[in-house]
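Encoded as structure tokens, the structure appears first; notes follow it.
2 protein chains.
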Amino acid sequence: MPPTRPSKKQSDQDSFLSVDIGGTNVTCGLVSRGGAVLATDIFPRAKGGDGPDELIGTIVGRFKKLWAAADEAHRPTAVAIGAPGWIKPKEGVVVNAPNLAGWVDVPITQIMSQALGLPAMLENDSNLYALGEWLAGAGRGSDNQITVTLGTGVGAGLILNGQLWSGSFTSAAEIGHIPLGPAHRVKCGCGRIGCLETVASATAMARMAREWLDSGRETLYADSAEGLNAQVLAELAEKGDAMSIHVFREVGVALGQILSGVFNLLSLERAVLGGGGAGAFQFIKDPLLEYLETRLVTAKIHEIQVVKGTLGTNAPLVGAAVLLTAGGY
Amino acid sequence: MPPTRPSKKQSDQDSFLSVDIGGTNVTCGLVSRGGAVLATDIFPRAKGGDGPDELIGTIVGRFKKLWAAADEAHRPTAVAIGAPGWIKPKEGVVVNAPNLAGWVDVPITQIMSQALGLPAMLENDSNLYALGEWLAGAGRGSDNQITVTLGTGVGAGLILNGQLWSGSFTSAAEIGHIPLGPAHRVKCGCGRIGCLETVASATAMARMAREWLDSGRETLYADSAEGLNAQVLAELAEKGDAMSIHVFREVGVALGQILSGVFNLLSLERAVLGGGGAGAFQFIKDPLLEYLETRLVTAKIHEIQVVKGTLGTNAPLVGAAVLLTAGGY
Chain A
238 MPPTRPSKKQ SDQDSFLSVD IGGTNVTCGL VSRGGAVLAT DIFPRAKGGD GPDELIGTIV
298 GRFKKLWAAA DEAHRPTAVA IGAPGWIKPK EGVVVNAPNL AGWVDVPITQ IMSQALGLPA
358 MLENDSNLYA LGEWLAGAGR GSDNQITVTL GTGVGAGLIL NGQLWSGSFT SAAEIGHIPL
418 GPAHRVKCGC GRIGCLETVA SATAMARMAR EWLDSGRETL YADSAEGLNA QVLAELAEKG
478 DAMSIHVFRE VGVALGQILS GVFNLLSLER AVLGGGGAGA FQFIKDPLLE YLETRLVTAK
538 IHEIQVVKGT LGTNAPLVGA AVLLTAGGY
Chain B
238 MPPTRPSKKQ SDQDSFLSVD IGGTNVTCGL VSRGGAVLAT DIFPRAKGGD GPDELIGTIV
298 GRFKKLWAAA DEAHRPTAVA IGAPGWIKPK EGVVVNAPNL AGWVDVPITQ IMSQALGLPA
358 MLENDSNLYA LGEWLAGAGR GSDNQITVTL GTGVGAGLIL NGQLWSGSFT SAAEIGHIPL
418 GPAHRVKCGC GRIGCLETVA SATAMARMAR EWLDSGRETL YADSAEGLNA QVLAELAEKG
478 DAMSIHVFRE VGVALGQILS GVFNLLSLER AVLGGGGAGA FQFIKDPLLE YLETRLVTAK
538 IHEIQVVKGT LGTNAPLVGA AVLLTAGGY
């Protein structure tokens, strides 16, 4: 059933448990039907990989604590699970995911449902993120939009006519592996060459900065324990660092190229950028919009918006409320 | 109102007038509600440009003849107009079109409606083409698909959940001007650089063949009155001509690049290729599928289809039946 905005008839006292299984951290939360985050519990993934039994067990334990701490009025009635990689939402199965080593054909909704005695639903993590921004974040007020998450990889979720778009197969909005064309030769984690992810992910930002450093070009960056990441680069860009500004320009142009296609194909009105890499939004936005302006056919540049997500790691938790309401819970 | 498949309750004896205003020819027709083409009348556009008054007058005259020749049971009840370029379907206005020189803000549905005493609707020509293939051609049986027309330019129409997708603004599925990336430097008719149209249109096919000739490379082509066009190239390719095979490979790879993005973004199950350039489908298909196979994330290559349109110049006429039925006529 396609998600729809929660009806006002339903009590906002209803609440849901929600988990977003990321590559580094796992975010558990309790959210109201209206999308208010009532409590969160974030913990790091185990080093060396955590198999399904171990990780699901940990999540269930954290959920029970959130549940116990919830007041009478906010007893959870269902569970939403956001997972990366190849999943089958209808069947509730994680088929395979690069960030979930050792997870093959795991019926996660069934396991979680039995352990907690609550119905459970599974959805792609980027789709939950997009639903969250649409319900209560930077996506409010627009029913034709894409949310792009710049993290370890590049994910996306598509809202068309106010509903999450799923298409004919088990996943849609897979923009991270759209090719940037023959001039792009960097090998992607997926094994292909020149995917959007090889330029626009937070991982790629660090790689491009490293290439700049290795070439001996000038930069304000001094090696430190923090290392090179999107956050460090954003701070350097604010100080006018040429390396960081170069990196974010590359990101903006690559996103502009792919998003110009998405806007022209679907006649969208908004793109929301989220994930860790969007911390540098102010430096990515200008080259992205400059590119978009030259390529937009379906609208004038002032008729569309490219905005930064406002919910951060809470976005998929909020999205859970839309998913579960649409699922009849 | 979004188009839907004509209901079986409605009489298939109902009929509609339909016109597709192309760059070279104008196709008028009488179609049944079920999509059967009852009569057609194709005539060339006037050399040196035909203004709105002249061309609309000619179309009205042709329509009256089709109407007069229709038997009692097939009296037309509404008119559909397919036009290229920038149009406003809801307002029934052709705003501006490269192929309709001198047409600015022409309220074509109002003019046509008054002249014929029938209600009229306007739609993008590629969208009508896509609706036709979906109703009665190569798009039958699939409700998530794109139809791409390879003609003077590259157009497309998108069917999502069995309905024509229009998006937030006046046009969608504008894939002809999606950029192929920084390695592509040919200037497009639109003024931009490296649009899909600079490689995949029938116009581009002729240009690439000319470049091959000018470089003195071997070919079976001998200059003739026919000139270099997609049809001539397709005939040469059947004889093993290296030039033609090279051209169609370039077309297939470029389409593969852009369509891989479209399939992955929307999780589509089918792409239909139509228009004059699709006459070389058998030579375009293999490089297109080879490229798609390496890039498809949302499905396996055997789960999707890339097929040749079957309706040709009748496609937009057939699409008119879907448009007008959905419009309540």
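Chains A and B, in that order, are what the protein sequence lines are. Each residue of the first sequence is one higher than the one before, counting from 238 in the working numbering. Each residue of the second sequence is one higher than the one before, counting from 238 in the working numbering. Ideal Cβ positions, reconstructed from N, Cα and C, are used throughout, including at glycine. These numbers come from a predicted model, not from an experiment.
- Close partners of A:R377 in chain B (Cβ separation under 9 Å) are lacking, with about 15 Å as the shortest Cβ gap.
- Across the segment 409-421 of chain B, CB contacts with chain A closer than 9 Å involve A409, A410, E411, I412, G413, H414, I415, P416, L417, G418, P419, A420 and H421, in sequence order along the chain.
- With respect to the C-alpha of B:V499, the residue from B:L533, B:A552 and B:N333 having the closest C-alpha is B:L533.
- A check of alpha carbon separations from B:T456 across B:H483, B:T440, B:T261 and B:L353 identifies B:H483 as the nearest.
- Comparing C-alpha distances from B:G354 to each of B:G319, B:W304 and B:D362 shows the shortest one belongs to B:W304.
- Contacts with chain A at 8 Å (Cβ-Cβ) do not include B:G260.
- Closest by C-alpha distance to A:D342, out of A:M349, A:I348 and A:V330, is A:V330.
- The CB of B:T435 never comes closer than 9 Å to any CB in chain A; the least such distance is about 13 Å.
- In terms of beta-carbon proximity, B:A334 stays away from the interface with chain A, with every pair separated by 8 Å or more.
- Collapsing the DSSP output to three states places B:R447 in a helix.
- With a threshold of 8 Å between beta carbons, B:G404 makes contact with chain A.
- Counting only the Cα atoms, B:L401 lies some 26 Å from A:L560.
- In the structure shown, the three-state DSSP call for A:D342 is strand.
- Taken in chain order, the members of the segment 423-455 of chain B whose beta-carbon sits within less than 7 Å of a beta-carbon on chain A are R429.
- Taking the beta carbon of B:E506 as reference, the chain A residues within 9 Å of it are G404, S405 and F406, listed in sequence order.
- Taking 9 Å as the Cβ-Cβ cut-off, the segment 363-374 of chain A has no residue approaching chain B.
- Per DSSP, reduced to three states, the secondary structure at B:P553 is helical.
- By the Cβ-count criterion, A:N501 is buried, with 16 or more other Cβ atoms from all chains shown falling within 10 Å of its own Cβ.
- Going by beta carbons, B:A467 and B:G413 fall outside the 8 Å limit.
- Among the CB atoms of chain B, none fall inside 8 Å of the CB of A:N466.
- Between A:K537 and A:F518, the C-beta gap is not smaller than 8 Å, which leaves the two residues out of contact.
- The segment 293-311 of chain A and the segment 254-261 of chain B do not touch, with fewer than three beta-carbon pairs separated by less than 8 Å.
- With 16 or more other Cβ atoms from the protein chains shown falling within 10 Å of its own Cβ, A:N381 counts as buried.
- At a Cβ-Cβ threshold of 8 Å, A:G404 and B:T384 do not count as neighbours.
- In the DSSP assignment, A:A373 falls within the unbroken alpha helix (DSSP H) covering D362 to A373.
- Residues of the segment 469-486 of chain B that bring their beta carbon within less than 8 Å of a beta carbon in chain A are absent altogether.
- When Cβ-Cβ separations below 8 Å define contact, A:L502 makes contact with chain B.
- Annotation: A:P321 is outside any beta strand (DSSP E) and is labelled neither H nor E by DSSP.
- For B:Q542, no Cβ of chain A is located within less than 8 Å of the residue's own Cβ.
- For B:R299, the enclosing alpha helix (DSSP H) has its first and last residue at P289 to A306.
- Across the structure, A:I279 and B:A320 are spaced so that their CA atoms are roughly 55 Å apart.
- For B:Q542, the enclosing beta strand (DSSP E) stretches over residues Q542 to K545.
- When DSSP states are grouped into helix, strand and coil, A:T531 belongs to the helix group.
- What B:A536 touches in chain A, judged by beta-carbon distance under 8 Å, is S405 and F406, going in chain order.
- Per DSSP, reduced to three states, the secondary structure at A:K327 is coil, with no helix or strand assignment.
- Here B:G511 is near B:E370, since their CB atoms are less than 8 Å apart.
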